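Protein sequence lines correspond, in order, to chains S and C. First residue of the first sequence? That's 14 in the working numbering, and the numbers climb one at a time after it. First residue of the second sequence? That's 12 in the working numbering, and the numbers climb one at a time after it.
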Amino acid sequence: MLHPLLERQLKRLGVADASAAPSYDSWHALLERVSRTYREADQDRYTIERSLSISSREMQELYEALAAEKAALERATDLAIRDPLTGLANHRGAHLRLDELMQGEPGRRRSLSLVLADLDGLKLFNDTYGHASGDDILRLVGQILQQHCPPPAVACRYGGDEFLLILPGRGRKSALALARRLSSALGHTKFRSPAGENIPLSLAMGVASMPVDAVTIEKLIAAADSAMYAAKRREARPRPNSSAVSEAGTANNVFGVLDSLVEAIDAKDHYTRRHSDVVAEYAMKLAARLSLSDESQRALRIAGLLHDVGKLVIPDEVLKKPGPLTAEEFNQVKQHVVIGEVLIRELPQLKDIIQAVSCHHERYDGTGYPRGLRGRRIPLLGRIIAIADAYSAMVLDRPYRKALPLGQAIAELEAGAGSQFDPEMVAVFVDLVAEDAKLIRIAA
Amino acid sequence: MKLTTVRYRPGEGWSPEAPPAWDSNQTVVIVFGGSSVLDSPDTIRELGALYPRSHLIGCSSSGEIFGTDIADDTLAVAVMRFDHGSVATASVPVSSAEESRAAGESLAKQLAGPSLRGVLVLSDGLNVNGSELVRGLSAILPKSVVVTGGLAGDGDRFERTWVIADGMPRSGFVSAVGLYGESIKIAHGSKGGWDIFGPERMVTRSRGNVLYELDGKPALELYKEYLGERASGLPATGLLFPLALRSDPSDNEQLVRTILAVDEGHHSMIFAGDIPKGHRAQLMKANFDRLIEGASSAGLMARSPDEGSGPTLAIAISYVGRRLVLGERTEEEVEATLEALPAGTQQIGFYSYGEISPLANGRCDLHNQTMTLTVISED
Numbered sequence: 014m015l016h017p018l019l020e021r022q023l024k025r026l027g028v029a030d031a032s033a034a035p036s037y038d039s040w041h042a043l044l045e046r047v048s049r050t051y052r053e054a055d056q057d058r059y060t061i062e063r064s065l066s067i068s069s070r071e072m073q074e075l076y077e078a079l080a081a082e083k084a085a086l087e088r089a090t091d092l093a094i095r096d097p098l099t100g101l102a103n104h105r106g107a108h109l110r111l112d113e114l115m116q117g118e119p120g121r122r123r124s125l126s127l128v129l130a131d132l133d134g135l136k137l138f139n140d141t142y143g144h145a146s147g148d149d150i151l152r153l154v155g156q157i158l159q160q161h162c163p164p165p166a167v168a169c170r171y172g173g174d175e176f177l178l179i180l181p182g183r184g185r186k187s188a189l190a191l192a193r194r195l196s197s198a199l200g201h202t203k204f205r206s207p208a209g210e211n212i213p214l215s216l217a218m219g220v221a222s223m224p225v226d227a228v229t230i231e232k233l234i235a236a237a238d239s240a241m242y243a244a245k246r247r248e249a250r251p252r253p254n255s256s257a258v259s260e261a262g263t264a265n266n267v268f269g270v271l272d273s274l275v276e277a278i279d280a281k282d283h284y285t286r287r288h289s290d291v292v293a294e295y296a297m298k299l300a301a302r303l304s305l306s307d308e309s310q311r312a313l314r315i316a317g318l319l320h321d322v323g324k325l326v327i328p329d330e331v332l333k334k335p336g337p338l339t340a341e342e343f344n345q346v347k348q349h350v351v352i353g354e355v356l357i358r359e360l361p362q363l364k365d366i367i368q369a370v371s372c373h374h375e376r377y378d379g380t381g382y383p384r385g386l387r388g389r390r391i392p393l394l395g396r397i398i399a400i401a402d403a404y405s406a407m408v409l410d411r412p413y414r415k416a417l418p419l420g421q422a423i424a425e426l427e428a429g430a431g432s433q434f435d436p437e438m439v440a441v442f443v444d445l446v447a448e449d450a451k452l453i454r455i456a457a
Numbered sequence: 012m013k014l015t016t017v018r019y020r021p022g023e024g025w026s027p028e029a030p031p032a033w034d035s036n037q038t039v040v041i042v043f044g045g046s047s048v049l050d051s052p053d054t055i056r057e058l059g060a061l062y063p064r065s066h067l068i069g070c071s072s073s074g075e076i077f078g079t080d081i082a083d084d085t086l087a088v089a090v091m092r093f094d095h096g097s098v099a100t101a102s103v104p105v106s107s108a109e110e111s112r113a114a115g116e117s118l119a120k121q122l123a124g125p126s127l128r129g130v131l132v133l134s135d136g137l138n139v140n141g142s143e144l145v146r147g148l149s150a151i152l153p154k155s156v157v158v159t160g161g162l163a164g165d166g167d168r169f170e171r172t173w174v175i176a177d178g179m180p181r182s183g184f185v186s187a188v189g190l191y192g193e194s195i196k197i198a199h200g201s202k203g204g205w206d207i208f209g210p211e212r213m214v215t216r217s218r219g220n221v222l223y224e225l226d227g228k229p230a231l232e233l234y235k236e237y238l239g240e241r242a243s244g245l246p247a248t249g250l251l252f253p254l255a256l257r258s259d260p261s262d263n264e265q266l267v268r269t270i271l272a273v274d275e276g277h278h279s280m281i282f283a284g285d286i287p288k289g290h291r292a293q294l295m296k297a298n299f300d301r302l303i304e305g306a307s308s309a310g311l312m313a314r315s316p317d318e319g320s321g322p323t324l325a326i327a328i329s330y331v332g333r334r335l336v337l338g339e340r341t342e343e344e345v346e347a348t349l350e351a352l353p354a355g356t357q358q359i360g361f362y363s364y365g366e367i368s369p370l371a372n373g374r375c376d377l378h379n380q381t382m383t384l385t386v387i388s389e390d
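This is the structure:
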């Protein structure tokens, strides 16, 4: 079988039978054509190989140019979010990181603490020794903060003499411990002034944690800021020139206890923690829609976070049982309301919160527990937590049950209006959830 | 319809037979030949004498297609006499590319009529802006009229082309034949087979159809670099790398521009259409299999569901750059078109400097790099 091209060339020369010897003229004509074909094949190969090699080189150059451009862009971006003096993230970098941390569903967010720190005496030092020496101090403090903030924590230079430590995944206790370690590290650091004096370094630090102190970044920073100023104002420091640490809401120690309880719930059962976050969020939304006072909203946030605190003492095998509970087990679970009330009732200034926690399983028709209160006899905050609690339980996945579709969850709430829930509250809540769902659809 | 195709070779005469005596005003005689015909137009004159009442149309080529053969400096002729359909021809002189649109409009006005089915247009290959010519034709003719055709060729020389006007081969003319009547069937197909490759570049300096710089560097130097030792064959070897153009990265429609000449003095290249500054340009390349596949697809596109069993003429107009790439294997593309068409189809055609046919959306346009088929029969 000859190559189709050779067959055609023979045919064109009138050589029908390839096995017969062609005439002398045909033979020469054939050789010429075959030779031309070889030449064309050579040229083809030359053109293809050359164009491939040049275009590959050009693509490589393009790739390198793009990579260089990307690197330059990254450098420029980095400069925009980094403080050139200390090498820490600047104010803008801090807020970018905080925005990243606030992505995702509120119920799935981890806890977050901030330490806002102000360097004591920088202005005086600058005035005395000049800005170059002041810069040396800022650099040194920056290094110490950096050493104490391994990822995912981030140390930032938030302003002239202000630093911000962003501590994802850490509760207040852990943040306070870090602040105290920093205080100690600074206390042991010696900075020598140009005049040869030993300059003591100290910071005034304010600590605030989410969700106990606030649920938005703005409010969390404001809380840390207030705490920092409280630390700055505090006259009695453990020793002269030592750092001072203050916590948000330190007017009393109640919040430290509450924070520990929230962390204890998280450690016991992640679902309960996520559920509590969602309850707190929706209870607050409902309260805002009902134009309740800031104080009531704050109480609802804490009540939402703590409403299931009594489950801390329910055995795991009952709490996490993947299936229906026996009557005895159910009675055990019901005890969590009373236990929760007992756990927090000794804390001062928590009347509203205690009422909300103790009444979140009361039913509007009077058949709930533990007291069987009816209608408006159930405290307002308890009626709000009851709706947010039921809604959260329906829309979150459990290991043994998928979340209900939104429409079905709303239908269940409406079915319970007047029997399980305050019907007026259900109407407002359903509107609120429907608006939220619409927003989610638009965003999607 | 009666149909025959015959070929004239200098020194050998007509084969397989002399042109038949089918002269009538319903007869079309289509002729494709080498540019040297301009030097000795006797055979064309004799054809005119043989068909005094018929409609004679034709143009110069970069290779005449006759059946599955390709030859140079011959005449490939189709004689077609319609039983029911009628025919008209028109010609317009064109002295510069600026007159192209007006020429198209003038031809269309001369040929327009209620039963017009199709127009085959053959244009001077060097002094006409094919895109503008088509715009002129399309502006006047209704969409139902199939417009196909091509720009005359001159081997790989780009020096002189001719079109038959008033029975004689002339440079600087555009001619067209209009086919009328319900009995006439016209199908068409057009397909390329070239691919873009390498980086996309910005046209940074150009004027009209003259390109100076891509990405701030001389475009001619870029072509010479890609061609290497084959740069000595410019402008012909420039046909190996046509340019695909688009106005911006979001534009999915790419125009194809093919090189016509180089100006070493100005370090510039002249293309068959505009190369607007700011457009993005990318080199194109072809390979043997993709071109043959393209020709076969054009044949399949030109099949129509109601094709009859009577005589069928296929007019194959293929881009000269394809011949340059295919070389000794060029016949394979005209074999591929014939294989895809109904058995018994007779084929003539030519290698051109541009092809005209409707796009998939029905709008007629100038193409480069394609095999374009016009298939004519009569019920």
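For glycine and all other residues, C-beta sits at the position ideal for the given N, C-alpha and C. Small disclaimer: the values here were computed from a predicted structure and weren't measured.
Name the chain S residues that come within less than 8 Å of residue i, Cβ to Cβ?
| i | result |
| --- | --- |
| F342 (chain C) | Sequence check: residue 342 (chain C) is Glu here, not Phe. Per Cβ cutoff of 8 Å: R21. |
Would you say residue i lies against chain S (beta-carbon separation less than 9 Å)?
| i | result |
| --- | --- |
| R241 (chain C) | yes |
| E318 (chain C) | no |
| E236 (chain C) | yes |
| N379 (chain C) | no |
| V331 (chain C) | no |
| L294 (chain C) | yes |
| K299 (chain C) | Checking the displayed sequence, the identity of residue 299 (chain C) turns out to be Phe instead of Lys. So yes, F299 (chain C) belongs to the interface. |
Could you tell me which residues DSSP pairs with residue i in its beta bridges?
| i | result |
| --- | --- |
| K196 (chain C) | C:S388 |
| S26 (chain C) | C:R18 |
| M223 (chain S) | S:L125 |
| W205 (chain C) | C:A297 |
| I150 (chain S) | In the DSSP output, where bridge partners are listed per residue, I150 (chain S) has none listed. |
| A54 (chain S) | In the DSSP output, where bridge partners are listed per residue, A54 (chain S) has none listed. |
| S134 (chain C) | C:L162 and C:V185 |
| A87 (chain C) | C:R18 and C:F43 |
Nearest chain C C-beta to residue i closer than 9 Å, yes or no?
| i | result |
| --- | --- |
| L26 (chain S) | no |
| R49 (chain S) | yes |
| I157 (chain S) | no |
| Q56 (chain S) | yes |
| I67 (chain S) | yes |
| E77 (chain S) | no |
| L15 (chain S) | no |
| E82 (chain S) | no |
I think residue i touches residue j, with their Cβ atoms under 8 Å apart; what is that distance to the nearest whole Å?
| i | j | result |
| --- | --- | --- |
| G96 (chain C) | S71 (chain C) | With a Cβ gap of about 27 Å, G96 (chain C) and S71 (chain C) do not count as contacting. |
| I68 (chain C) | E75 (chain C) | With a Cβ gap of about 15 Å, I68 (chain C) and E75 (chain C) do not count as contacting. |
| W33 (chain C) | V90 (chain C) | 6 Å |
| L58 (chain C) | V40 (chain C) | 6 Å |
| R315 (chain C) | K196 (chain C) | Before going on, a small fix: residue 315 (chain C) reads as Ser here, not Arg. With a Cβ gap of about 7 Å, S315 (chain C) and K196 (chain C) count as contacting. |
| G129 (chain C) | L251 (chain C) | Their Cβ separation, rounded to whole angstroms, is 33 Å, which puts G129 (chain C) and L251 (chain C) out of contact at 8 Å. |
| A119 (chain C) | L148 (chain C) | 5 Å |
| V370 (chain S) | E354 (chain S) | 6 Å |
| M241 (chain S) | L125 (chain S) | Not confirmed; about 17 Å, so no contact. |
Note down, in chain order, every chain C residue with its Cβ under 7 Å from the Cβ of residue i.
| i | result |
| --- | --- |
| E71 (chain S) | G209 and P210 |
| L459 (chain S) | Nothing about residue 459 (chain S) can be reported from this structure: the residues present for chain S run from 14 to 457 only. |
| R185 (chain S) | Within chain C, no residue comes near R185 (chain S); the closest Cβ sits about 52 Å away, beyond 7 Å. |
| T60 (chain S) | R241 and L251 |
| E53 (chain S) | G338 and E339 |
Could you tell me if the beta carbon of residue i falls within a distance shorter than 8 Å of some heavy atom in the ligand ATP?
| i | result |
| --- | --- |
| G189 (chain C) | Of ligands this structure carries none, so the ligand ATP is not represented either. |
Using the beta-carbon of each residue, which ones in chain C are nearer than 8 Å to residue i?
| i | result |
| --- | --- |
| S64 (chain S) | F208, G209, Y237, F252, L294 and K296 |
| E45 (chain S) | Those within 8 Å of E45 (chain S) in chain C number zero; the least Cβ separation is about 11 Å. |
Are the C-beta of residue i and some C-beta of chain B separated by less than 9 Å?
| i | result |
| --- | --- |
| D80 (chain C) | Structure shown: chain B not included; protein chains present are S and C. |
Q.
To be precise: take each residue of the region 169 to 202 of chain C, compare its Cβ to all Cβ atoms of chain S, and keep it if any distance is under 7 Å. Which residues remain?
A. Under the 7 Å Cβ criterion, the region 169 to 202 of chain C contributes no residue.
**Q.** Where the region 242 to 255 of chain C meets chain S: residues whose CB sits under 8 Å from a CB there
**A.** Here the close residues are L251 and F252.
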